[in-house]
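In the working numbering, the protein residues as written are 16 to 529.
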């Protein structure tokens with residue numbers, strides 16, 4: 016048995032020479048790197064003008080990057096490895112700088128929300144901590160000061176109506192729905208003039224509008240079919256003659272053919288899943304983008320509707336950042352981005368930093384993000400990368416390639432002959448990666464640093480866990496304008512002809528024009 020750790024190390028390390036260190040082995044790497052992360056208070060290491068990353072795993076020296084060098088960040092880590100730890104210190108750092116902060120949390124983190132809450136309370140800014148809680152009390156102003164084209168783009172992203180080259184059949188239907196969406200949005204935004212229908216512009220009201228329009232459109236076509244029958248059914252005609260919108264106004268602005276009806280109904284079916292969400296419309300995302308507030312968006316990774324709406328939020332962030340780029344100064348933390356990937360994010364990462372927004376993104380491993388285009392865009396534009404211990408081979412191989420290589424000595428013994436060769440070995444080889452503890456210790460790779468570092472990260476301490484139960488129990492009911500079918504084609508016709516309904520026969524009904 017070895018007497019001590021040093022004696023054991025001498026026997027497990029491969030021989031080195033002037034050509035370089037000995038080749039790597041798991042036992043040797045465990046001796047050097049398999050130690051738990053140091054416990055420390057990360058807030059005490061914050062410095063003006065610098066971004067604190069963590070402590071060097073071996074020397075315990077603090078590692079900093081210039082604030083200007085930190086644009087977008089990617090954290091890759093399995094569950095319980097330490098993503099939230101890094102989020103916490105970055106949240107505090109951001110709020111201390113007076114920047115806005117937006118957090119997309121699909122997992123209901125018990126500590127990150129509390130970290131933000133306590134930091135703003137310490138700064139005397141308690142009211143700057145805003146929670147949008149899905150689905151019971153979601154304060155987002157969905158269509159806030161957007162024109163019809165901007166809203167159409169956001170809904171196109173949310174409903175995944177962008178064509179895909181490898182899905183020709185599905186892309187046809189996506190394009191059809193997108194064209195219909197654009198026409199409906201024009202009608203909605205101009206409804207006061209076109210249909211004498213005045214309502215606040217937001218998502219829930221748009222959903223209702225599409226429902227009413229689709230029903231009136233269906234009645235329009237079915238009425239025409241029924242009245243042209245040899246023996247029209249007066250009761251059916253009376254029912255089909257009742258409308259939400261004034262018939263003449265409706266007919267004058269209707270851009271659709273009967274073949275479009277199924278597409279409109281399909282679009283409404285997609286929109287209808289958002290009708291039961293409590294969109295309170297009481298706070299603006301500009302509060303975080305331009306006013307230094309913290310908007311904490313609690314979503315639900317098990318709810319497909321919630322994940323779709325996160326795409327809408329990301330599209331809104333990007334749109335508003337461009338629109339108010341002279342005022343925007345904000346950091347966006349998006350946890351588990353693989354659950355709500357969107358093409359607009361991959362396109363925007365290359366330019367949005369110039370509009371005052373920096374992203375901190377995370378997913379569990381490279382295999383989790385299926386969209387290769389988005390994955391490539393994230394990796395290319397996130398120049399700060401932090402990897403915690405992974406079991407995914409794609410992630411391990413990528414870290415090996417990204418970490419570079421170093422010269423090593425390789426001894427070959429054949430009988431009494433000993434040959435010494437110089438070879439290259441990955442600096443972040445699989446042995447080194449496997450030797451890391453499972454949590455709180457990560458690998459930092461940054462484009463401004465030639466060599467990767469293994470770092471210790473530590474959590475920001477809080478007084479207590481965040482009380483999500485109390486928040487979730489608060490359900491806000493939303494009052495939405497519900498129309499009734501107050502317009503009747505028959506009443507209009509009878510007033511004009513000054514005859515009662517009992518005097519009308521089938522021949523007269525057939526002559527109705529709508």
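Note that beta-carbon positions come from the ideal geometry of N, C-alpha and C, so glycine has one too.
Just so we're clear, the structure is a prediction, and the values are computed from it rather than from any experiment.
The criterion of a C-beta distance shorter than 8 Å is not satisfied by residue 442 and residue 462.
Residue 304 sits buried, since 16 or more C-beta atoms from the chains shown fall within 10 Å of its C-beta. Distance between residue 71 and residue 375, taken at the CA atoms: about 21 Å. Listed in chain order, the beta strand (DSSP E) elements of length 3 or more contained wholly in the region 151 to 215 are 153 to 155. By alpha-carbon distance to residue 357, the top candidate from 293, 372, 332 and 368 is 332. Straight-line spacing of the CA atoms in residue 446 and residue 398 works out to 25 Å.
An exposed status is given to residue 496, since fewer than 16 other beta-carbon atoms sit within 10 Å of its beta-carbon. Under the three-state reduction of DSSP output, residue 485 falls in the helix class.
Secondary structure note for residue 410: it is in no beta strand (DSSP E), and the uninterrupted alpha helix (DSSP H) holding it is 408 to 417.
Taking C-beta atoms as the reference points, residue 173 and residue 271 fail to come closer than 8 Å.
Here residue 392 is not bridged, per DSSP, to any residue. If you look at residue 220, you'll find it in the alpha helix (DSSP H) that goes 218 to 242. Burial check for residue 393: the Cβ neighbour count within 10 Å reaches 16 or more, so the residue is buried. Just measuring C-alpha positions, the residue of 204, 65, 64 and 52 sitting nearest residue 74 is 52. Following the DSSP letters along the chain, one finds residue 423 inside the beta strand (DSSP E) bounded by residues 420 to 429.
Looking at the backbone, the Cα of residue 245 and that of residue 222 are separated by about 37 Å. Here residue 465 is exposed: its Cβ has fewer than 16 other Cβ atoms, across all protein chains shown, within 10 Å. For residue 294, no alpha helix (DSSP H) segment is defined; the enclosing uninterrupted segment is the beta strand (DSSP E) at 294 to 298.
Along the region 20 to 108, the beta strand (DSSP E) occurs as fully enclosed runs of 3 or more residues at 65 to 71, 77 to 81 and 88 to 91, listed in sequence order. Cα atoms of residue 165 and residue 258: separation of roughly 30 Å, rounded to the nearest angstrom. Fewer than three beta-carbon pairs drawn from the region 156 to 171 and the region 341 to 351 are found closer than 8 Å, and the two stretches are therefore not classed as touching. Proximity to residue 132 across 308, 188 and 239 peaks at 308, based on C-alpha coordinates. Judged by pairs of C-beta atoms under 8 Å, the region 474 to 492 touches the region 97 to 107, as three or more such pairs exist. When only Cα atoms are considered, residue 502 and residue 483 end up about 47 Å apart.
The criterion of a C-beta distance shorter than 8 Å is satisfied by residue 264 and residue 211.
Here the alpha carbons of residue 43 and residue 384 stand approximately 33 Å from one another. Under the DSSP definition of a beta bridge, residue 399 partners with 88 and 461.
Residue range 309 to 313 is occupied by the beta strand (DSSP E) that includes residue 310. Between residue 364 and residue 396, the gap from beta carbon to beta carbon is short of 8 Å. Contact annotation: residue 236 and residue 276 have beta-carbon atoms nearer than 8 Å. If you check the CB distance, residue 293 and residue 493 come in under 8 Å. DSSP places residue 302 inside the alpha helix (DSSP H), whose first and last residues are 301 to 306. Counting the other Cβ atoms within 10 Å of the Cβ of residue 440 gives 16 or more, which makes it buried. Each residue's CA atom was taken as its position, placing residue 78 and residue 455 some 15 Å apart. Within the DSSP secondary-structure output, residue 456 pairs in a beta bridge with 471. Per the C-alpha coordinates, the member of 111, 448 and 247 positioned closest to residue 140 is 111.
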